[in-house]
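Numbering follows my numbering, with no gaps: position 113 of the sequence shown is 116. Notes for the one structure printed next.
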Amino acid sequence: MWVTRLLGEGRICCRFRLSSLVFSRAARLDSVPRDVVLFEHRRPRFFRLLGLFCGTQAGFWGYLAHFGFTSLRDTAQQQQQGEGKESLRNLGSPLWRTGFTLSCLAVGSLILAAGLLFSRRSVSAITLHGGGERVTIVTAGFFGSESSFSVPLRQISCMAHRSEVPAMIPLKVQGRPLYYLLDKQGHVSNARLFDITVGAYRKV
């Protein structure tokens with residue numbers, strides 16, 4: 004009898020704590036009278052250098068692809084004429100020339116795409132608007148440019164707590180591919196408000 008009574012009191016206590024937690028979280032969100040910058044980490048110089056590096060690499064591999072396609076010559080006829088000489092690999096054959104050109108173009112394109120994707124998924128600032136229902140996310144771009152978009156708070160989910168990750172905090176936004184990355188070196192102005200809004204896990 005006393006065991007069932009103890010279990011019943013424990014369930015009532017757990018329900019009370021859960022309801023009080025939900026109520027306190029809602030009260031905190033309603034108490035946001037104006038816009039609050041929760042997170043900020045702007046690095047325009049780094050992304051300018053990243054854009055310069057990726058652009059230089061894309062240009063280099065593009066030039067190498069052009070050089071290989073236009074300068075490699077087919078030496079099959081010369082090897083047939085010199086029957087007594089040791090045959091060498093014909094790097095100017097259509098197969099080798101096309102493969103070399105496509106490989107160079109692929110490497111340059113991958114470097115450029117990786118740099119662009121990383122910059123577009125690196126978060127520079129997060130602003131929680133008054134009332135706590137909408138959030139504006141500012142992302143970096145090539146050569147220091149920035150872009151922003153606003154989404155409802157319920158469409159944002161933090162996939163790991165900021166104390167559990169070593170370098171980057173992954174943020175999932177509903178309807179957008181891949182994760183947005185928050186560098187832990189950035190400044191969090193209000194840690195408690197961040198944890199119950201942007202830093203909270205949701206099913207999106």
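For each residue, glycine too, the CB sits at the ideal point set by N, CA and C.
Whether residue i touches residue j by CB criterion (8 Å)
i	j	result
Val35	Gly134	yes
Leu185	Ile172	yes
Val40	Ser151	no
Arg123	Thr142	yes
Gly147	Pro47	yes
Same chain only: Cβ atoms within 8 Å of residue i, ignoring 5 sequence neighbours per side
i	result
His190	Phe42, Glu43, His44
Phe56	Gly118
Gln188	His44
N-terminal and C-terminal residue of the beta strand (DSSP E) that residue i is part of
i	result
Arg137	137 to 143
Val39	39 to 43
Ser74	Per DSSP, Ser74 belongs to no beta strand (DSSP E); it is in the alpha helix (DSSP H), 47 to 74.
Val207	Element bounds for Val207: n/a, residue is neither H nor E.
Val126	126 to 131
Close-in-space but distant-in-sequence residues of the same chain around residue i (CB under 7 Å, 5 per side omitted)
i	result
Ala68	Thr104, Cys107, Leu108
Phe72	Arg100, Thr104
For residue i, the nearest candidate out of the options (CA to CA)
i	options	result
Pro155	Trp64, Ser127, Gln177	Gln177
Ala163	Leu75, Gly202, Thr142	Gly202
Val138	Arg100, Leu115, Leu196	Leu196
Arg51	Phe72, Glu149, Glu136	Glu149
Ser166	Arg179, Ala194, Gln158, Ser153	Ala194
Ser153	Val126, Ala170, Val168, Pro169	Val126
Arg179	Gln158, Pro169, Ala128	Gln158
Leu75	Trp64, Leu98, Phe63, Leu120	Leu98
Gly65	Leu53, Ala170, Leu113, Val207	Leu113
Own chain residues within Cβ distance below 6 Å of residue i, not counting five before or after
i	result
Arg205	Ser160
Leu115	Cys57, Ala61
Thr130	Asp38, Val40, Thr139
Glu132	Strictly speaking, residue 132 in this sequence is His, with Glu absent from that position. Taken in chain order, the residues that qualify are Asp38.
Phe121	none
Val168	none
The alpha helix (DSSP H) enclosing residue i, as first and last residue numbers
i	result
Thr200	Run containing Thr200: none; DSSP gives neither H nor E here.
Val110	97 to 123
Residue i CB to nearest heavy atom of the ligand FAD below 7 Å
i	result
Arg123	Looking at this structure, you won't find the ligand FAD or any other ligand, since it has none at all.
So within the segment 146 to 182, which uninterrupted beta strand (DSSP E) runs reach at least 3 residues, ignoring any that extend past its ends? As far as the segment 146 to 182 is concerned, its whole beta strand (DSSP E) runs of at least 3 residues are 149 to 155, 159 to 161, 171 to 176.
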